[in-house]
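Have a look at the structure below, then the notes.
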Amino acid sequence: MSILRKRLGMITPSSNSVLEPVTSAMLHGVDGVTAHFSRFRVTEIALDAAALSQFDASVMLPAADLLADAKVDAIAWNGTSGSWLGIARDRSLCEAITKRTSVPATTSTLACIEAARALDARRVALVSPYTDDVQRRIGKVWAGEGIVPHAERHLGLRDNFSFGEVAPATIADMIRAVAAEGADGVVILCTNLDGAGLAASLERELDIAVLDSVAVTLWRTLSLAGGDVAALASWGRIFQTSAVRRQRCGRGAEPGQIEPGVRGR
1250 MSILRKRLGM ITPSSNSVLE PVTSAMLHGV DGVTAHFSRF RVTEIALDAA ALSQFDASVM
1310 LPAADLLADA KVDAIAWNGT SGSWLGIARD RSLCEAITKR TSVPATTSTL ACIEAARALD
1370 ARRVALVSPY TDDVQRRIGK VWAGEGIVPH AERHLGLRDN FSFGEVAPAT IADMIRAVAA
1430 EGADGVVILC TNLDGAGLAA SLERELDIAV LDSVAVTLWR TLSLAGGDVA ALASWGRIFQ
1490 TSAVRRQRCG RGAEPGQIEP GVRGR
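So the sequence shown is numbered by the working numbering: it starts at 1250 and just counts up by one.
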């Protein structure tokens, strides 16, 4: 007799050392949910051609194919590249993943945008490890989705591995700084920043929503798989919120979304 469970597939940047242990820690003690990871090479975040080419769909889709072999119930690109490459890239990737695998798909950027809307954050701040030019590009991309950053902090780093070495205390200081500028929601925009464990305590301290990219990706992916996000309520406000796509500006469900549990294998 097989065990009924939800399997979550995560496409992971090769140099990321945070999202796998954090996701696993969050799911510890949550019965019937497992996370599974498939990597492709990413070593730096920049706007030059070589760095941008790391995120070509031709190298990302094979990772999704491997996750589908494990019969996962949902797949996430657990990275924020859509925030500087453009949201259309992420939507196209989700469509391609679902077309190839018949599995619903999301990305960290799409999840973070949806989470900010779900919590009705009006003054969203972005905290990241990225360089000046990448952070400026992100601000423009998010503004194109109707979320103009109210404030921001970034660390000026390029090497992706180095992001995972940033101390949680540094991340907390950046969050407190943007909260002091009037933000009512903060997105920790990088799945290689160790910020998920800060969210709940800083939400209580600052009375704002704190949306960590790793945590929010798990929130959205678990919802797509038909799982119970409330089982993770101790990790922050977002897990007390249903991941139901709201109609805004004529947009419907996330591209690539199919009803959880429906497959075309």
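Yeah, the Cβ is synthetic: ideal placement off N, Cα and C, and Gly gets one too.
What you are looking at is a predicted structure, and each value in this text was computed from that prediction instead of being measured.
Residue i (DSSP reduced to helix, strand or coil)
{"i": "Lys1522", "result": "Here the chain has residues from 1250 to 1514 only, and residue 1522 is not among them."}
{"i": "Glu1430", "result": "coil"}
{"i": "Arg1256", "result": "strand"}
{"i": "Ala1416", "result": "coil"}
{"i": "Pro1398", "result": "coil"}
{"i": "Ser1307", "result": "helix"}
{"i": "Ile1387", "result": "helix"}
{"i": "Arg1338", "result": "helix"}
{"i": "Arg1486", "result": "helix"}
{"i": "Thr1283", "result": "strand"}
Nearest residue (CA-CA) to residue i, options the options
{"i": "Arg1349", "options": "Lys1320, Ala1319, Ala1313, Arg1371", "result": "Ala1313"}
{"i": "Phe1410", "options": "Asn1265, Thr1261, Ile1424", "result": "Asn1265"}
{"i": "Pro1417", "options": "Arg1453, Asp1461, Gly1388, Gly1393", "result": "Asp1461"}
{"i": "Ala1532", "options": "Ser1287, Ala1295, Thr1272, Val1321", "result": "Only positions 1250 to 1514 of the chain appear in the structure, and residue 1532 is not among them; the question remains open."}
{"i": "Phe1289", "options": "His1277, Met1309, Arg1340, Val1415", "result": "Met1309"}
{"i": "Gly1330", "options": "Leu1301, Gly1413, Ala1445", "result": "In the sequence as presented, Gly is not what sits at residue 1330; that position holds Ser. Taking only the C-alpha atoms, the option nearest Ser1330 is Leu1301."}
{"i": "Pro1262", "options": "Ala1319, Asp1318, Asn1327", "result": "Asn1327"}
Neighbourhood of residue i by C-beta, 6 Å cutoff - its chain only, sequence neighbours within 5 removed
{"i": "Val1279", "result": "Ala1480"}
{"i": "Ala1458", "result": "Leu1368, Ala1370, Gly1434, Arg1486"}
{"i": "Gly1388", "result": "Pro1398"}
{"i": "Gln1303", "result": "Val1291"}
Cβ neighbours of residue i in the same chain (closer than 7 Å, five flanking residues each side left out)
{"i": "Glu1470", "result": "A small correction: the amino acid at residue 1470 is Thr; Glu does not occupy that position in the sequence shown. The answer, listed in chain order, is Leu1257, Ala1323, Ala1325, Thr1355."}
{"i": "Ala1421", "result": "Leu1447, Leu1451"}
{"i": "Arg1254", "result": "Gly1281, Val1282, Thr1283"}
{"i": "Ala1364", "result": "Leu1460, Val1465, Trp1468, Ile1487"}
{"i": "Gly1405", "result": "Thr1380, Asp1381"}
{"i": "Ile1396", "result": "Ile1362, Ala1365, Val1373"}
{"i": "Leu1315", "result": "Ser1287"}
Rounded C-alpha distance that separates residue i from residue j
{"i": "Ile1346", "j": "Arg1338", "result": "12 Å"}
{"i": "Phe1286", "j": "Pro1270", "result": "11 Å"}
{"i": "Ala1360", "j": "Val1427", "result": "21 Å"}
{"i": "Asp1443", "j": "Glu1344", "result": "29 Å"}
{"i": "Ala1400", "j": "Glu1394", "result": "16 Å"}
{"i": "Gln1489", "j": "Ile1294", "result": "32 Å"}
8 Å Cβ shell around residue i - same chain, five flanking residues per side excluded
{"i": "Ser1524", "result": "Lying outside 1250 to 1514, the shown extent of the chain, residue 1524 is not represented and no answer is given."}
{"i": "Glu1430", "result": "Ala1374, His1399, Ala1400"}
- Could you tell me which uninterrupted alpha helix (DSSP H) segments, each at least 4 residues in length, are contained entirely in the stretch 1449–1478, listed from first to last along the chain? If we require 4 residues or more, the alpha helix (DSSP H) runs fully inside the stretch 1449–1478 come out as 1462–1473.
- Item | Within the stretch 1353–1381, ranges of the beta strand (DSSP E) (whole runs, at least 3 residues) | 1354–1356, 1373–1377
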